[in-house]
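The numbering of the sequence shown is the numbering used here, which starts it at 7 and goes up by one.
Note that beta-carbon positions come from the ideal geometry of N, C-alpha and C, so glycine has one too.
Quantities reported herein were computed from a predicted structural model and do not represent experimental measurements.
Beneath this line is the structure, given in structure tokens, with notes to follow.
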Amino acid sequence: MKILLVEDDSDLAELIAYNLKKEGYQPIICLR
7 MKILLVEDDS
17 DLAELIAYNL
27 KKEGYQPIIC
37 LR
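Following this line, the structure appears as structure tokens:
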């Protein structure tokens, strides 16, 4: 499993995270 940290909670980040999940990544959206 590949984990990717996304420091953003915008709609675009949500869309990217959704697409990454389909690619086999485990995106983590974290806020500062």
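C-alpha gap between residue i and residue j, whole angstroms
i	j	result
A19	I34	10 Å
G30	L37	22 Å
L10	S16	16 Å
Y24	V12	12 Å
K8	L21	17 Å
D14	K27	16 Å
Closer than 6 Å: residue i CB and nearest the ligand FAD heavy atom
i	result
I9	No copy of the ligand FAD occurs in the structure displayed, which carries no ligand at all.
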